[in-house]
Structure formats: structure tokens, C-alpha cells
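All residue numbers for the sequence shown refer to my numbering, where the first residue is 260 and numbers rise by one.
We treat Cβ as the ideally placed atom computed from N, Cα and C, and that holds for glycine.
Okay, so here's the structure we're looking at.
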Amino acid sequence: MPVAAGNPRHGTPSLAVFGAVPRFSRQLHVGAPNVVDPEAFIQRLRRIFDRNRLTNGGPEERELEQVIAERVGVRHCIAVVNATTALQILCRALDWHGQVIVPSFTFVGTAHALAWLGIQPVFCDVDPDTHNIDPRLVEDLITERTTGILGVHLWGRPCDVDALQRIATERKLDLVFDAAHAWGCSSGSTPIGRFGRAEVFSFHATKWVHAFEGGAIATDDDELAKRCAAIKRFGFVGYDRTSTLGINGTMSEAAAAMGLVSLKTEGPILQRNRANFEAYAEGLRRLPGVRIVQPTAENRWHYHYVVLEIDETVAPLHRDLLQRVLWEERVLARRYFYPGCHRLEPYRGVGTHRPLPVTERLAHRTLALPTGLQMEPHEAASVCELVHTAFEHAAAVRKGLPELPPIEWHEPA
Ligand SMILES: *Cc1c(COP(=O)(O)O)cnc(C)c1O
């Protein structure tokens, strides 16, 4: 429950940065886990113990793969321990090497998956409206060392899949998508998971549907699926025969059970996400220089990412100051994806890359707000009130917080 903010000194805005009682009595996290039915999970766990089959392609993992393949409408789903490993397995199965074109405005795990395999991520700028890799810029980055294009459906909003596919086909490159954000989303009437050679989902606890930790490769390509399945299990193709270099990417039965329960309880999560999103959208509508990343009418969306773009040339407060104000209120808003992969180690200053003006701008403007089952729409409205108050008293906030002390990070999940 929100706590009424105090007003310790006359004329001081009632914000925690000025000594008022924080608006929330608990911390609100971006990506707090959604757990609807723990009992159903515990029942599945009991069955797992009864069978005494804990991993290595047990019935939970197989059922999860079936459910995902059916939902997406692909012939094959390979469940994997997490999406980062899934991306790596897929890269190896495609024999990617040299360079792969990827956006910089994404979670650093996307780039790490490539670099871990010795592949150079070549960072491409994004479209200012969609925040997704800009197909108009991809062509220019293709060299004789390029082996693939890795798009990311950022926030669960689809990449320009047709334009990317045209380039990939024309230049004989493999196109793959990091769909870690995009479970349950679509591009038009086609579910995400059906594009490119393959797509990779994440079921990490911070995603709206999760398996504690988990990932999955979705593909219609029989040969590719076979290779991924082998690589995932140490390269085994028979009882004691290996076909290739493999790794252990198996998802445990417990994780798969959580994934199955999570998938069955999507309804109430989606409903809450949507209600929270609408409260945010309404509450932030009239703020100068603030844009909320909206769903597109023709695509299905999960409303899991509440992302603001704060234009510092119009808004009275810079994104970073607003974040500071919100943290003091226990609203742990995050600067996704600051500062862009190209400015993070080990990519910073390595080689040269094209200027990424849109990525740079977005990295300084975007702020993700908490949502999900941890909170109610009236609390989202309360967060909006805090933003309004901060904007009204922007001069005082700027004066009171001239230099930003570093924000301490607490792991949300
Ligand atoms: C979460 C995430 C990943 C990594 O997923 P894991 O399952 O945690 O390995 C990769 N890419 C993006 C865009 C993500 O958000």
C-alpha cells in the first residue's frame, strides 16, 4: 500500500528526495517475478520426484517443448537452460563466425552470446520509432566476413522482419532473432518465433512468463533443429556417440515444470500488465517531453515493458534526475538499455564502429518502470503522480541534486 507522503517543511515538495516519507513502503522492481500458481508447480515437482527423473529430456522438458512449438506454430522447439546459451547453440549450429550484425540498443547478453564464440558483433543503429534494428542501415555494414544478422524484437515489438529477410536472402546471410522479450507477441497475425531461420525466447524470472531460468529455440528447419538438439546435449547423437562440439544446455525438469505452470497462467499476468500499462499511459499523457512506448495496433503484445522516452530538450527534468527521484520513493526504475552495448566492456573502444546516434539518444532517454503482479493500477497511477510532482518542482530537484550520487543496485529477481 502506498504511504501518504509527508511534507516536513513548509513549501518543500512532498518527495522523498526532500525528506518526505517514501511513497511506497516496499520496493517496486522492474522485472519482479510473476508467480500465479505456486501450488500447481509444487504438484508437478512431486510428480518429478515420484518419477525420479530430474533432467536430460524428461517429460516436463518434452511437454514444454511441445506446448511452445504448438503455440508458436513451428515444427521444432528446443528448450534450453537460458536464452544466452540458446543463442550460442544456435550460432554454432549455423556455423556463424567472423562478424554478425546486431543492434547495440539491447541487453548486453545478446552481444555476449556472439563474442563468447569469437564472433565479432557489428553494432547497427536502431529506428527511432520502433527501437529495433534499422534495416536501412544493415546493408552498409555487410562485409566479406559477415555471416549473419541477429535482430532483437525489443520490448516485444517486432523487428521489420520483411525488410531484414529481403536483405538476408539477397546477401545469402542467415537471419535469426533474439526474441527474449517477445514471448506471446506477434508481427501482424504471425506469432514471433516463426521468423528467420530460428528465434530464441527467454524464460528468465524477469520475463513475463518464466521458468526461473530458461530459454527456447523455435524453428521450422528440421536439420537445424537436429543440430541444435545435439549441441545442447554435449553433441551426443546416440548413446555414446557425438557428432560435434557440444555443451550442456539442458533445462532441468523443475525449470520446465515452472515454465509449463507459468504458460498456463498467462491470462491474469497479461490482464494486470495491461491494466497497469493503461494507468501509466493515462497518468503520463500530459507530461511535456514524455512518450510511452506503445503497442502497435496490428501486433499482439504482453504489456510487460513500460518504457518512457524522456526528451531532455522538452521535459523539465533529465531522465537520470527523474530516476533518482523515483528510487528515493522505492520505485526502482531502470535505464534500459544504458549506455548501449558498444559503450560497455568488452566492446568499448574495441575496433571502430559506425556512429550510432539514435542508440546514443535513446540510451540517455529511456526509463523502464515497474509493472506486473507485484503492483496494482492505482499504484501505477501513484508513480505517475510522483513524476508530475517532480516535474512541477523540477527547479528544486535540479538544485537539490546537482550531482548524481551513484545509484546502488539491488538484484530484482
Ligand atoms: C533476458 C535477455 C536475454 C538473456 O536471456 P537469459 O534467458 O537470461 O539468458 C537476451 N537478450 C535479451 C534482449 C534479453 O532481454
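Three-state secondary structure (DSSP) at residue i?
| i | result |
| --- | --- |
| Glu557 | coil |
| Phe300 | helix |
| Ala263 | At Ala263, the pLDDT of 39 sits below 50, so the modelled position is not reliable; the number obtained from the coordinates is stated separately. Ala263 falls in the coil class under three-state DSSP. |
| Val361 | strand |
| Pro450 | strand |
| Leu353 | coil |
| Pro665 | Below a pLDDT of 50, predicted positions are generally treated as unreliable, and Pro665, at 49, falls in that range; the measurement from the model is reported next regardless. Three-state result, Pro665: coil. |
| Ala439 | coil |
| Pro671 | Low per-residue confidence applies at Pro671: pLDDT is 43, beneath 50, and the placement is therefore not dependable enough to give any value. |
| Pro380 | strand |
| Arg593 | strand |
| His390 | coil |
| Leu585 | helix |
| Arg268 | For Arg268, the predicted structure reports a pLDDT of 48, less than 50, and the residue's modelled location is therefore unreliable. A value from the coordinates is still provided. If DSSP states are grouped into helix, strand and coil, Arg268 belongs with coil. |
| His601 | helix |
| Leu400 | helix |
| Val295 | coil |
| Val385 | strand |
| Ala654 | helix |
Would you report the Cα separation of residue i and residue j, rounded to the nearest angstrom?
| i | j | result |
| --- | --- | --- |
| His412 | Ala441 | 6 Å |
| Ile327 | Leu522 | 9 Å |
| Phe495 | Thr630 | 42 Å |
| Gly474 | Ile348 | 11 Å |
| Asp384 | Ser446 | 21 Å |
| Trp586 | Ala592 | 7 Å |
| Val552 | His390 | 9 Å |
| Thr369 | Trp375 | 10 Å |
| Gln424 | Cys418 | 10 Å |
| Ala345 | Ala654 | 48 Å |
| Lys466 | Arg559 | 16 Å |
| Ala672 | Leu274 | Caution applies to Ala672, whose pLDDT of 43 falls short of 50 and renders its modelled position unreliable; the value that the coordinates give is listed next. Cα-Cα distance, rounded: 27 Å. |
| Pro267 | Ala342 | Residue confidence for Pro267 is low, a pLDDT of 46 falling below 50, so the modelled location carries little weight; the figure read from the coordinates is stated next. So the two alpha carbons sit approximately 48 Å from each other. |
| Gln678 | Val646 | Here the chain has residues from 260 to 672 only, and residue 678 is not among them. |
| Ala352 | Thr501 | 14 Å |
| Leu660 | Thr572 | 19 Å |
| Glu434 | Phe471 | Reading the sequence as shown, one finds Leu at residue 434 and not Glu. C-alpha separation (whole angstroms): 28 Å. |
| Met510 | Phe462 | 11 Å |
| Val361 | Arg613 | 13 Å |
| Gln530 | Glu541 | 17 Å |
| Val262 | Phe382 | Confidence at Val262 is low in this model, with a pLDDT of 37, below 50, so its placement is unreliable and the value that follows should be read with caution. Near 45 Å, if we compare the C-alpha coordinates of Phe382 and Val262. |
| Ile307 | Ala513 | 8 Å |
| Leu483 | Ala438 | 18 Å |
| Ile408 | Lys658 | 46 Å |
Within the continuous alpha helix (DSSP H) that includes residue i, where are the two ends?
| i | result |
| --- | --- |
| Ser284 | Run containing Ser284: none; DSSP gives neither H nor E here. |
| Phe650 | Pro636 to Glu651 |
| Thr625 | Not the alpha helix (DSSP H): Thr625 falls in the beta strand (DSSP E), residues Thr625 to Leu628. |
| Gln424 | Val420 to Glu429 |
| Glu482 | Asp481 to Lys491 |
| Pro616 | Pro616 to Ala622 |
| Gly410 | Segment Thr405 to Val411 is the beta strand (DSSP E) holding Gly410; no alpha helix (DSSP H) there. |
| Ala275 | Careful: Ala275 lies outside any alpha helix (DSSP H) and carries neither H nor E. |
| Val459 | First-last for Val459: Ala457 to Ser461, but that is the beta strand (DSSP E), not the alpha helix (DSSP H). |
| Ala244 | Because the chain spans 260 through 672 in this model, residue 244 falls outside it and cannot be assessed. |
Examine ligand 1 and report whether any of its heavy atoms sits within less than 7 Å of the Cβ of residue i.
| i | result |
| --- | --- |
| Ser461 | yes |
| Thr625 | no |
| His440 | yes |
| Asn341 | yes |
| Thr369 | yes |
| Gly410 | no |
| Phe366 | yes |
| Gly518 | no |
| Gly508 | no |
| Arg599 | Residue identity differs from the one stated: residue 599 is Gly in this sequence, not Arg. It does not: the Cβ of Gly599 is nowhere closer than 7 Å to a heavy atom of ligand 1. |
| Asp433 | no |
| Asp481 | no |
| Gly526 | no |
| Gly474 | yes |
| Asp579 | no |
| Asp384 | no |
| Asp207 | In this structure the chain extends from 260 to 672, so residue 207 is not present and cannot be described. |
| Asp437 | yes |
Just curious, the beta strand (DSSP E) that residue i is in, first and last residue?
| i | result |
| --- | --- |
| Thr478 | Gly474 to Thr478 |
**Prompt:** Going along the chain, which unbroken runs of the alpha helix (DSSP H) with 4 or more residues stay wholly within the region 493-580?
**Reply:** 512-523 and 525-543
**Completely contained alpha helix (DSSP H) runs for the region 302-353, where each covers 4 or more residues** = 318-331 and 342-352
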